[in-house]
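Peer 1: Respectively, the protein sequence lines represent chains A and B.
Start counting the first sequence at 2; every next residue gets the next number (the working numbering).
Start counting the second sequence at 16; every next residue gets the next number (the working numbering).
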Amino acid sequence: MKGWKLVMENENNIQIDKTKVKRIIYKLILMEKDNLKTKKYNEAEMIKRIKKAIEEEIECY
Amino acid sequence: MLLKKMKLLNFRQFIGEQTVEFATDENKNVTVIMGENGSGKTTLAQAFTWCLYGNTDFDDKLVLNRNLERQLLPGNECVVKVEIDLTHGKTDYTIIREQVYRRELTGKIKVEKPELKIKYKKDGQQEFVRPYEVDFIVKQILPMELSRYFFFDGERIGNMSKEINKKGRSDEFAQAVRGLVGLNALIKALEHLKPTSRHSVIGSYNKDYDFNSDVRITQYTKEIEDYQDKLEKIDQRLNEIENEKQIAQSKCDELNIKLSQLPDTERLQKEKEKLQAKLEQTQNAYASAVSSLLKQFNKSAASYFSQSLIKNALESLSKSEKLDKGIPDIHARTIEFLINRKICICGTKIEVGNEAYNELKKTLEYIPPQSIGNSIAQFVKESESRTRYAGDFFDTFINQYATIRDYENNILQFQSDIDVIEKQMEGNERAAGVVQELRRYKKVISDRQHERDELNQKKGSIKTSLDRAITERKELTLRDERNKKIEVYRTYALRVFEELSLTYKQKESETRKNLEININEIFKSIYNGGMSLTIDDRYNIQVFVKDEIGISNDVETSTAQSISIIFAFIAGIIKMARDNSKKTDDIETVLDTEPYPLVMDAPLSAFDKRRIKAVCTVLPNIAEQIIIFIKDTDGEIAEEHLGSKIGKRYLFDKKNEFETYLMPR
């Protein structure tokens, strides 16, 4: 649960760290831009990579 | 990308090793390669495609020079090679494609698979790209699907210009524009995140929950996935409907043009077009009135219909005396704190059994969480507010509904008038078939519209159910640490999707607006006359002309106009990509694009002298680099107007069908 405390939460609401959202967006666009040119990863692999990128960013301090 | 040099070895009629250097100077960025018909212009243009992608548009896929092929002795081999030096993203690359042809002892020619090699300069040192990465590098430099916009020939322009007159068939435009300005990356990201699909990033989190913690999570997840499947099917059908509608609309447009060209029906067709314009206007007004009525209904209907219940509830509450004893904003924890501290806020000592203690204990009965007094006060406040919303709802609703009925009547009237005209036209022998066909396509459009509306209604109701199931599942998942973590990931993914959707909409509309401005400016400089272009949200291009009373009409484009549009379109895109690369905005930097050259094979054959002059003046100022293969007659005029922009000149010296040499001029 490394970095977990950085995600603030109150009862039913999950609070979002806007900086992390912005970082995820940039990472995501770069990944997509690259894959559009290289076609290195298929759809399922891309979905896995995006999930990994999101999770890493949330877990990161 | 900037092309610097191309070296050919035995490539079709270019026998031996031949080199052509391209103009790369900012002020002299044009290379003109001139030759008579059949001398090798198209072959040289195709050498780019062969080198980068390993294929050509020629029916004969063998690229070895015919003379050499004939002379090749059994057991011997011959190599065909095309080498391109280019700069891309500040790196110098040499792309090499070579293919070995071997004469077997049986006399047959064995053709090896063409091999791609890429060299690049790193810290001044020449290095080779690893073999398994070469295709990726080419794709990074210029994906094949985009290449045709930069390496195009006269025939291709002809096909592209035919596309432009067909509404709904301009997917190539849309793709090219989105690709070149980097919007495809955003589209892909949105597709991968899509909340309504069970296979997307957001949808696939469904499978990551720990279902053992509560059986209801499994039930909700199943429900959610079912809704997602239904939504995906609806979206797919909506897309099909849109395409079918576009095709039918394009057919209707064609048939309407036919009718307006028949002398007997010309007058009736004009009358019909006027009614059609009024009908469309009324249909738009009707749609907006319905939307406003629904908004009003969603906002105030519940309050209006619950007025009587609210009134009864408030009356009952006013008769009750003892309920409202709560102290605003005071919680039981506050009182318990004071009792434990043994000193009140006013300084009075609090001891078990004394007056202050007993008062505070009594207060605990009326404040949260035990007391309902505060909740009732809140309820009364909300009830009053709801009653206000309901105020003039009925009168407004009745008025809006009356307007909608008027629109409906007008629409029916216009449709019936159009019907009468079409029946009159049907009476005309020559028009009868066209009118019947027109009616058939109109019915297709109307059926599809009806189906679309029904599907959208269904979609709205499924979305509501989906949101409810997600909220209810969220309440359960947040109780468990592991599931809470998945819920957080999902919530972040959803936020990313929402923000990206907004960014995409904004960028897409900016792109379209800028492209429209750019194309219009360039189009006017190439094809003068009172015409302008608009680009709709599906990237259909329409040409408008000002008529004598100043009203713009969509007009049928001539070949020269269409080709001018294509030129303006390609140049507009190149200009936009160039402008984009200069932007410093964060997201623009991520989306930025590389400026590209224009390699054109016989592009001017459809133009007259005046337009050749216009094209030659405009393009070199917009594109980073121009390489133009041109026949001698057009070439002289082109050279005259390209003037100081020409950095390199070549001539094809054709000895015979199988032997052409590139000569600098």
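Beta carbons are placed, not taken as given, at the ideal position from N, Cα and C, and that holds for glycine.
Model, not experiment: these values are computed from the prediction.
1. When you compare the CB positions of Y164 of chain B and I585 of chain B, do they come within less than 7 Å of one another, or not?
2. Are at least three pairs of beta-carbons, each pair with one atom in the region 229-239 of chain B and one in the region 487-506 of chain B, less than 8 Å apart?
3. Counting contacts by CB-CB distance shorter than 7 Å, is K52 of chain A in contact with chain B?
4. Who pairs with H103 of chain B in a beta bridge, going by DSSP?
5. Hey, does E56 of chain A have any beta-carbon neighbour from chain B nearer than 7 Å?
6. With the cut-off set at 7 Å, would you say R463 of chain B and E655 of chain B are in Cβ contact?
7. So, for L59 of chain B: in the same chain, excluding its five sequence neighbours on each side, which residues have a beta-carbon less than 7 Å away from its beta-carbon?
8. Which of the residues in the region 33-47 of chain A, read from start to end, lie with their CB under 9 Å from any CB of chain B?
9. Can you look up M21 of chain B in the DSSP assignment and give me helix, strand or coil?
10. Quick check: what's the CA-CA separation for E469 of chain B versus G475 of chain B?
11. Rounded to whole angstroms, what is the Cα-Cα separation between Q451 of chain B and D434 of chain B?
12. Check whether the region 286-304 of chain B touches the region 418-430 of chain B, taking contact to mean three or more Cβ pairs, one atom from each stretch, closer than 8 Å.
13. What is the residue span of the beta strand (DSSP E) that P679 of chain B lies within?
14. Quick test of the definition: if touching needs 3 or more C-beta pairs under 8 Å, does the region 236-248 of chain B touch the region 397-416 of chain B?
15. Going by beta carbon distance, what residues of the same chain come within less than 8 Å of L375 of chain B, once the five residues before and after it are set aside?
16. Is the Cβ-Cβ distance between N44 of chain B and P618 of chain B less than 7 Å?
17. Closest by CA to G662 of chain B, which one among B:L24, B:R145, B:N42?
18. Cutting at 6 Å between CB atoms, please list the residues of its own chain near G50 of chain B, excluding the five before and the five after it.
19. Any Cβ of chain A within less than 7 Å of the Cβ of T492 of chain B?
20. In the DSSP output, what is T5 of chain B paired with across the bridge?
21. Which value, in whole angstroms, describes the spacing of the CA atoms of S212 of chain B and K23 of chain A?
22. Please confirm if A592 of chain B has its CB atom under 7 Å from at least one CB of chain A.
23. Pick helix, strand or coil for R264 of chain B, following the three-state DSSP scheme.
24. What is the residue span of the alpha helix (DSSP H) that M440 of chain B lies within?
25. Contact criterion: CB-CB distance below 7 Å. Does L677 of chain B meet it with respect to chain A?
26. Who are the Cβ neighbours of T13 of chain B in its own chain at under 6 Å, not counting the five residues just before and after it?
27. T486 of chain B lies in the alpha helix (DSSP H); which residues open and close that run?
28. Decide if C631 of chain B is buried, meaning its Cβ has at least 16 other Cβ atoms within 10 Å, or exposed.
29. Measure how close the beta-carbons of A204 of chain B and I30 of chain A come, nearest whole angstrom, since I'm counting them as under 8 Å.
30. Do you know offhand how far D551 of chain B's Cα is from S431 of chain B's?
31. List the residues that DSSP assigns as beta-bridge partners of R118 of chain B.
32. Would L67 of chain B pass as a contact of Y519 of chain B if the rule is Cβ separation under 7 Å?
33. Exposed or buried, T106 of chain B, counting other C-beta atoms within 10 Å across all chains shown (16 or more means buried)?
34. Rounded to whole angstroms, what's the CA-CA distance from L427 of chain B to T418 of chain B? Just pull it up for me.
35. Keeping to the same chain, check which residues put their C-beta closer than 6 Å to that of K624 of chain B; ignore five residues upstream and five downstream.
36. Could you tell me which chain A residues have their CB closer than 7 Å to the CB of A200 of chain B, listed as they occur along the chain?
Peer 2: From the atom records:
1. If you number the second sequence from 1, residue 164 of chain B lands on position 149. If you number the second sequence from 1, residue 585 of chain B lands on position 570. In this structure, I585 of chain B lies closer than 7 Å to Y164 of chain B by Cβ.
2. yes
3. In the first sequence, counting from the first residue as 1, residue 52 of chain A sits at position 51. True, the Cβ-Cβ gap to chain B drops below 7 Å.
4. Counting from 1 along the second sequence, the entry for residue 103 of chain B is found at position 88. Answer is B:T106.
5. In the first sequence, counting from the first residue as 1, residue 56 of chain A sits at position 55. Taking Cβ atoms only, chain B reaches closer than 7 Å to E56 of chain A, which makes this a yes.
6. Walking along the second sequence from the start, residue 463 of chain B turns up at place 448. Walking along the second sequence from the start, residue 655 of chain B turns up at place 640. No.
7. Residue mapping note: residue 59 of chain B aligns to position 44 of the second sequence, counting from 1. Excluding positions up to five away in sequence, the list reads I48, F644.
8. E33, K34, D35, N36, L37, K38, T39, K40, K41, E44, A45, M47
9. Mapped onto the second sequence, residue 21 of chain B falls at position 6. The answer is strand: DSSP assigns M21 of chain B an E or B state.
10. One-based indexing of the second sequence puts residue 469 of chain B at position 454. One-based indexing of the second sequence puts residue 475 of chain B at position 460. Distance between the alpha carbons of E469 of chain B and G475 of chain B is about 10 Å.
11. Against the second sequence, residue 451 of chain B aligns to sequence position 436. Against the second sequence, residue 434 of chain B aligns to sequence position 419. Distance between the alpha carbons of Q451 of chain B and D434 of chain B: 11 Å.
12. yes
13. Here residue 679 of chain B refers to the residue found at position 664 of the second sequence. That run of the beta strand (DSSP E) goes 674-679.
14. no
15. Start at 1 with the first residue of the second sequence, and residue 375 of chain B comes out as number 360. Excluding positions up to five away in sequence, the list reads I350, L353, I354, C359, I365.
16. Position 29 of the second sequence holds residue 44 of chain B. Position 603 of the second sequence holds residue 618 of chain B. Cβ atoms of N44 of chain B and P618 of chain B: not closer than 7 Å.
17. Indexing the second sequence from 1 puts residue 662 of chain B at position 647. Checking every option, the nearest Cα to that of G662 of chain B belongs to B:N42.
18. Sequence index remark: in the second sequence, residue 50 of chain B carries index 35 (1-based). Closer than 6 Å at the Cβ level, and outside the excluded window around G50 of chain B, lie K56, F667.
19. The count along the second sequence starts at 1 and reaches residue 492 of chain B at position 477. Chain A contact via Cβ: absent.
20. Not covered by the structure: residue 5 of chain B. The range shown for chain B is 16 to 680.
21. Looking up residue 212 of chain B in the second sequence gives position 197. Looking up residue 23 of chain A in the first sequence gives position 22. Approximately 23 Å, taken between the alpha carbons.
22. Position 577 of the second sequence, counting from 1, holds the residue named residue 592 of chain B. Chain A, which has no Cβ nearer than 7 Å to the Cβ of A592 of chain B, makes this no.
23. Along the second sequence, read from residue 1 onward, the residue named residue 264 of chain B stands at position 249. Per the sequence shown, residue 264 of chain B should be read as Gln rather than Arg. Helix.
24. Within the second sequence, the letter at position 425 stands for residue 440 of chain B. Residues 408-441.
25. Translated into the one-based positions of the second sequence, residue 677 of chain B becomes position 662. Not closer than 7 Å to any Cβ of chain A, the Cβ of L677 of chain B fails to qualify, so no.
26. Residue 13 of chain B cannot be examined here, being either before or after the span of chain B that is shown, 16 to 680.
27. Translated into positions along the second sequence, residue 486 of chain B becomes position 471. Unbroken alpha helix (DSSP H) run through T486 of chain B: 444-492.
28. Residue 631 of chain B sits at position 616 when you count from the first residue of the second sequence. Buried, because 16 or more other Cβ atoms sit within 10 Å of the Cβ of C631 of chain B.
29. As a working mapping, residue 204 of chain B is identified with position 189 in the second sequence. As a working mapping, residue 30 of chain A is identified with position 29 in the first sequence. Right, the Cβ-Cβ distance comes to about 6 Å (below 8 Å), so this counts as a contact.
30. Within the second sequence, residue 551 of chain B is the residue found at index 536, counting from 1. Within the second sequence, residue 431 of chain B is the residue found at index 416, counting from 1. Going by the C-alpha atoms only, they are around 30 Å apart.
31. On the second sequence, position 103 is the one that residue 118 of chain B refers to. According to DSSP, R118 of chain B bridges with B:I124.
32. Residue numbering aside, residue 67 of chain B sits at position 52 when the second sequence is read from its first letter. Residue numbering aside, residue 519 of chain B sits at position 504 when the second sequence is read from its first letter. Cβ distance not < 7 Å, so L67 of chain B and Y519 of chain B don't count as in contact.
33. Here residue 106 of chain B refers to the residue found at position 91 when the second sequence is read from its first residue. Under this definition T106 of chain B is an exposed residue.
34. Working through the second sequence from its first residue, we reach residue 427 of chain B at position 412. Working through the second sequence from its first residue, we reach residue 418 of chain B at position 403. Distance between the alpha carbons of L427 of chain B and T418 of chain B is about 14 Å.
35. Translated into positions along the second sequence, residue 624 of chain B becomes position 609. Contacts found: I652.
36. Taking the second sequence and counting its residues from 1, the one referred to as residue 200 of chain B is at position 185. Per Cβ cutoff of 7 Å: I30, E33, K34, L37.
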